[in-house]
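Written out below as structure tokens is the structure these notes cover.
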Amino acid sequence: MRFTKDHEWVALDGDVATVGITAYAAEQLGDVVYVETPEPGRALKAGEGMAVVESVKAASDVYAPLSGEVVEANGDLSGAPETVNADPEAGGWFARVRIADRAEYDALMDRAAYDAFLETL
Amino acid sequence: MSLNSVGRPTRPVSDTPGAGFASLSGGRGLLQDEALIFERSAWTSTGVDLPEPEAGVEDLGGLVRAEPLRLPGLSEPETVRHYVRLSQKNHAIDLALYPLGSCTMKHNPRLNEKLARLPGFADLHPLAPVSAVQGALGLMDRLAHWLKTLTGMPAVALSPKAGAHGELCGLLAIRAAHAAHGQTRRRLVLTPTSAHGTNPATAAFVGYEVMEIGQTADGRVDLEDLAAKLTDEVAAIMVTNPNTCGLFERDILEISRLTHAAGAYFYCDGANFNAIVGRVRPGDLGVDAMHINLHKTFSTPHGGGGPGSGPVVLSEALAPFAPTPWVVHGEDGFRLVEETEAEAAQAFGRMTAFHGQMGMFVRAYAYMLSHGADGLRQAAEDAVLNANYIKARLSGVMSAAFPDGPCMHEALFDDRWLEGTGVTTLDFAKAMIDEGFHPMTMYFPLVVHGAMLIEPTESESLAELDRFCDALLGLADAALSGDVDRFTSAPHLAPLRRLDETLAARKPRLTWRPAEPGVAPAPLAAE
Amino acid sequence: MRYLPLDAADRRHMLGVIGAASADDLFADVPVPARLSAPVDLPHHAGEIEVERELSALAALNRPAGAGPFFCGAGAYRHQVPATVDHIIQRSEFLTSYTPYQPEIAQGTLQVLFEFQTQVAALLGMEVANASLYDGSTACAEAVMMARRVTRRRKAVLSGGLHPHYAAVTATIATAEGMEIARRPATVDAEADVLAAIDSETACVVVQTPNVFGTVTDVTAIAEAAHAAGALLVVVTTEVVALGLLKSPGEMGADIAVAEGQSLGVGLNFGGPYVGLFACREKFVRQMPGRLCGETVDAEGRRGFVLTLSTREQHIRREKATSNICTNSGLCALAFSIHMTLLGGTGLRRLAEVNHGRARTLAKALGAVPGVEVLTPRFFNEVAIRVPGSAAVLVEALAGEGILAGVPVSRLDPSAGLDDVLLLAATETTTAADIDSLVTALSRRTCG
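Chains as they are written, first to last, in this note's numbering: chain A, 1 to 121; chain S, 1 to 527; chain X, 1 to 448.
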């Protein structure tokens, strides 16, 4: 698993990356009430707004950690947005993206680097 | 003589405390639970007496609804009781100081209500012939004169229905002006980070890209940052003055000079006009357009969320683009310039059907006449005095966001003073409810952490100000001495305890819907 | 000054606590050239007597609808608002309260909004409704903006029967957002004409029933055509009393239904404040503009209501909000809801039948006037008639005789080429004597 400074995680399986937000982010956001996930077929550029996570009092943009094409969005989240709070780094995944460039993934922080980054906040 | 010996005790006979007492019905004396109208069996009744129709509906054939409209109808006594019971669960300005920063919760004079209900205003159709409504047009003309004189601006668009609607009007006029002058590259609007959310929302609605201007350490617009961002792609800046931190922008003349030098327009959010009305004219500050919230500065009632009214004063540069309709005075009296007269050729369009919030115009005009130029000036002075008094009394304990120098009509605190107590701004606000006060504006402006924005207005007596400050100082003391539970479980004494907003957003239930006909839906279960 | 509680002693004391020498010191940040040293050139304060005198004099120059025969409609209708409504809305707790952002102390307002939303959804035949918008015309514009968000298409087709002010407001707002607005020609039975203009770029079709000429249309076929093209149907109603009798927008396939609620509870008010009704299919709820009230529970499990789905709104979403709206028409929504509660579905049906009956009487009487042709084929409580010569001149002449004979189409849309068409409405407040006076006066003028 890799991580971004904007608190997204990426798990790569072949050329399909699963993306979500980290436990730290989920905790900061508070109760998640809705997730606006990207549509399958959409092309994404790294750094572009990909999804929106809503709590009662805030809406936070989630940025694409990598470039690629969205192949699937997590349909469970519309009925059960609380999954993001309960299981952010597995069941609370947002979208699966077929990536274009493996190097983008390799450039992301690993768990140790992300944890160290969290210490600085 | 005979003595009337029917007596009874007139002092409490028992000294046992009443804590933990619960009534059998669950209500509390004067405060009763009140069911929804849909939870009665009143589906086919009605509380209005109507005559027999004089003809049938067979001429409408298949256009008639197939299913009857299923909505309950209550008799007049039941209706009155329903709404009176509901009203008792509401807090209101008429009950206590309402410290909502940026909302200007001043007293709503009842003379305004009386005059707005004169049949000559209330029972008037907007499209009646102009000759039949000269008094209404005359009032609009006089209101316009007051607004222009108080702001030092040559023109005013009366039709916007609320402040945000006024912002939209102002930006549309700006857009039209740039288009008329061939300024097609202007795609940006600059707003400070402290701006009210309506500012960027309005700019985006009109098709502009929003860019933020930074703030200095003393809470004002960063002139250097502004100058750097004022390129020839900027259509306008949107600045509130006094700003949302309750501070007057000292460099306002330079802000407007830089803006105009860059070929852009200065939109001023007039939400805080109450601080300066009668003492400063926005026209003298270089403003090109400013909406005025009649429901803030000019006392029209907030009504639980509206209706408002947001006329927009305009500079010479923007006046030609004002939306229709407007009132003009000619030889035959007043008339309305509507869409297609030649005079309206440059108007950017129309903001609303008909002419604007006439009901609010009557109220605001009555208020202006009552106060007069001298009274309005005094009102601004008292509003600023009251806010500074609160700031002075509370700053010893609560951390003022910008302690140096006076504030204007509102005092801004942050939550640094609560650090380590386990009490948040939200908790503090909820505890204010138990002390009898509506919470102040919280978490706005966004530039200050855990913001608490307090605007008392000029309608408060010294006694009420002191009562308010004493309550807050008492709460502050409790927070700082570790009485956390009082706050985190507040409010205790309101009609309801803290509500689950997460549940409401996750499982939106926006209408009453029976699971089956005649069966009330089960209440939502907390998660 | 009666609205200012502080006296000189108070002010001195407060300045002392603040540590300022005078109130002017508190305005030290105002640039010197901008400081006004004296009150502006406007009258000084006045007591109630003088204020009442001035405003009464202005009011006396206006002809209230109730002063004589009255037939104006065209988007604002005169109905009998029960006396109870005005009393309740003047209760302090409703009149002087703020937006219910602190739900624990605003359950009165919030429960009313929940009941209002339920009533509006039922009336319009839709699944969800919001807590009101400013008025019908801005609700119409917001509906078109919402259709653009939902379909991501840029064209909107407006029927020729849509109230011209509504079309103008929609065009003003929509073109700012880069949309293309196609307005169909104004004809009395205009709604079906929109079919010709629907294509694959159409975000929505906007129709009105009863339309501005009074014509009632079953728009089910238009809904089908719009949906087949991937567009939404927006249905506009400017006279909500019609919904007591007629098929609702939802029944006919509307995706978004908007209306002017002024007929119930609110009164004419020379054009405002009014109350915009907005309802849509549940699947679109997150794209709705305006405030929404929802049900929930409190910390002790008791039912309560809160504003919800707020992340759509400006104070949170800022430049990405569904709209820039900050106010609803709270007190007018309350008035509407109280009137609707008194009526109930049964009473509204009866009220609608009375209105329609009056209009049939009016139409029959007008049809018998030489030179007058009733144009509206199917009407609820408003008809369009053709008169000899200018309708505006005729209206002005009749106003001189104390009769407000309706609204000339030329007042709303001078370029429609319908200068000889007049719109007249009849409601439960219209009497047989009113109709007789109108017909007599008309006959005198139309028979040369």
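All residues carry an ideal CB built from backbone N, CA and C; glycine is no exception.
Beta-carbon proximity list for residue i, same chain, < 7 Å, skipping 5 on both sides
i, result
"Ala-526 of chain S", "Bear in mind that a pLDDT of 49 at Ala-526 of chain S, under 50, signals an unreliable position, so the number given afterwards is only what the model happens to contain. The residues are Asp-500 and Leu-503."
"Asp-29 of chain X", "none"
"Ala-247 of chain S", "The sequence shown places Leu at residue 247 of chain S, not Ala. Gly-219, Arg-220, Phe-402, Cys-407 and Met-408, listed in sequence order."
"Asp-61 of chain A", "Gly-49 and Val-52"
Minimum C-alpha distance to residue i - residue among the options
i, options, result
"Gly-375 of chain S", "X:Gly-47, X:Ala-21, X:Arg-12 and X:Gly-19", "X:Gly-47"
"Ala-143 of chain X", "X:Pro-289, X:Gln-107 and X:Glu-251", "X:Pro-289"
"Thr-118 of chain X", "S:Glu-39, S:Gly-47 and S:Phe-413", "S:Glu-39"
"Met-153 of chain S", "S:Ile-292, S:Ile-390, S:Phe-121 and S:Asp-483", "S:Ile-292"
"Val-97 of chain A", "A:Pro-88, A:Gly-30, A:Leu-66 and A:Glu-36", "A:Leu-66"
"Leu-77 of chain A", "A:Met-1, A:Asp-31, A:Val-35 and A:Ala-23", "A:Val-35"
"Gln-357 of chain S", "S:Leu-111, S:Pro-311, S:Ala-317 and S:Ala-400", "S:Pro-311"
"Leu-307 of chain X", "X:Tyr-3, X:Ala-197, X:Thr-109 and X:Ala-34", "X:Thr-109"
"Phe-348 of chain S", "S:Val-206, S:Val-48 and S:Gly-303", "S:Val-206"
"Gly-16 of chain X", "S:Arg-257, S:Ile-390 and S:Val-239", "S:Ile-390"
"Glu-300 of chain X", "S:Pro-495, S:Arg-350, S:Val-80 and S:Ala-136", "S:Pro-495"
Helix, strand or coil at residue i according to DSSP, with G and I counted as helix
i, result
"Asn-243 of chain S", "coil"
"Val-448 of chain S", "coil"
"Pro-72 of chain S", "coil"
"Trp-417 of chain S", "helix"
"Arg-183 of chain X", "strand"
"Gly-152 of chain S", "coil"
"Leu-422 of chain X", "strand"
"His-371 of chain S", "helix"
"His-163 of chain X", "coil"
"His-438 of chain S", "coil"
"Trp-512 of chain S", "coil"
"Val-157 of chain X", "strand"
"Trp-9 of chain A", "strand"
"His-44 of chain X", "coil"
"Ala-106 of chain X", "strand"
"Phe-487 of chain S", "helix"
"Cys-332 of chain X", "helix"
Residues of its chain near residue i, where Cβ-Cβ distance is below 6 Å and the 5 sequence neighbours each way are ignored
i, result
"Pro-69 of chain X", "Ile-403, Asp-434, Ser-437 and Leu-438"
"Thr-429 of chain X", "Arg-78 and Gln-80"
"Val-287 of chain S", "Phe-266 and Cys-268"
"Arg-281 of chain S", "Thr-151 and Gly-152"
"Val-10 of chain A", "Arg-2, Ala-17, Val-19 and Pro-65"
"Pro-408 of chain X", "Ala-391, Ala-392, Val-395 and Leu-422"
"Ser-45 of chain S", "Gly-73"
Residue i beta carbon near the ligand FAD (any heavy atom closer than 7 Å)
i, result
"Glu-48 of chain X", "For the ligand FAD, the structure offers nothing, since it holds no ligand at all."
Cut-off 8 Å between Cβ atoms - residues of its own chain near residue i, not counting five sequence neighbours on either side
i, result
"Asp-141 of chain S", "Val-327, His-329 and Phe-334"
"Val-33 of chain A", "Glu-54, Ser-55, Val-56 and Pro-81"
"Met-1 of chain S", "The predicted position of Met-1 of chain S is uncertain, since its pLDDT is 43 and thus under 50; a value taken from the coordinates is nonetheless stated next. Closer than 8 Å at Cβ, skipping near neighbours: no residue."
"Thr-421 of chain S", "Ala-479, Leu-480, Gly-482 and Val-484"
"Thr-425 of chain S", "Asp-415, Leu-418, Met-442, Tyr-443, Gly-450, Ala-451 and Met-452"
Chain C residues whose Cβ lies nearer than 7 Å to that of residue i
i, result
"Glu-460 of chain S", "This model lacks chain C altogether; the protein chains it does include are A, S and X."
Legend entry - In chain order, each beta strand (DSSP E) run of at least 3 residues that lies wholly inside the stretch 298 to 339 of chain S: 312 to 314, 326 to 330 and 333 to 337
Inset, instruction - Check distances from the C-beta atoms of the stretch 335 to 361 of chain X to those of chain S and list, in chain order, the residues that come in under 8 Å. - result: Ile-338, Met-340, Thr-341, Leu-342, Leu-343, Gly-344, Gly-345, Thr-346, Gly-347, Leu-348, Arg-349, Arg-350, Leu-351, Glu-353, Val-354, His-356, Gly-357, Arg-358, Arg-360 and Thr-361
Inset, instruction - Tell me the start and end of each unbroken beta strand (DSSP E) in the stretch 335 to 383 of chain X that is at least 3 residues and wholly inside, in chain order. - result: none
Inset, instruction - Would you mind listing the beta strand (DSSP E) stretches within the stretch 41 to 117 of chain A that are 3+ residues and don't spill past its ends, in chain order? - result: 49 to 55, 59 to 63, 68 to 73 and 95 to 99
Inset, instruction - Check each residue of the stretch 74 to 94 of chain A: if its Cβ is closer than 7 Å to any Cβ of chain X, include it; give the result in chain order. - result: none
Legend entry - Against chain S: residues of the stretch 241 to 261 of chain X by CB proximity under 9 Å: Leu-243, Gly-244, Leu-245, Leu-246, Lys-247, Ser-248, Glu-251 and Glu-260
Inset, instruction - Name, going along the chain, the residues of the stretch 423 to 449 of chain S whose beta-carbon falls closer than 7 Å to a beta-carbon of chain X. - result: Ile-433, His-438 and Pro-439
Inset, instruction - Note down, in chain order, all residues in the stretch 498 to 509 of chain S with a beta-carbon under 7 Å from any beta-carbon belonging to chain A. - result: Glu-501, Thr-502, Ala-505 and Arg-506
Legend entry - Contact set between the stretch 147 to 158 of chain X and chain S, restricted to residues whose Cβ is under 8 Å from the partner: none
Legend entry - Ranges of the alpha helix (DSSP H) found wholly within the stretch 51 to 98 of chain X, counting only runs of at least 4: 83 to 89 and 92 to 95
Legend entry - Contacting positions in the stretch 15 to 47 of chain A - beta carbon closer than 9 Å to chain S: Gly-30, Asp-31, Val-32, Val-33 and Tyr-34
Legend entry - Every unbroken beta strand (DSSP E) inside the stretch 190 to 273 of chain S [3 residues or more]: 209 to 213, 234 to 240 and 265 to 269
Inset, instruction - Below 8 Å between beta carbons is the criterion; list the residues of the stretch 287 to 299 of chain X that meet it against any residue of chain S, in chain order. - result: Arg-291, Leu-292, Cys-293, Gly-294, Glu-295, Thr-296, Val-297, Asp-298 and Ala-299
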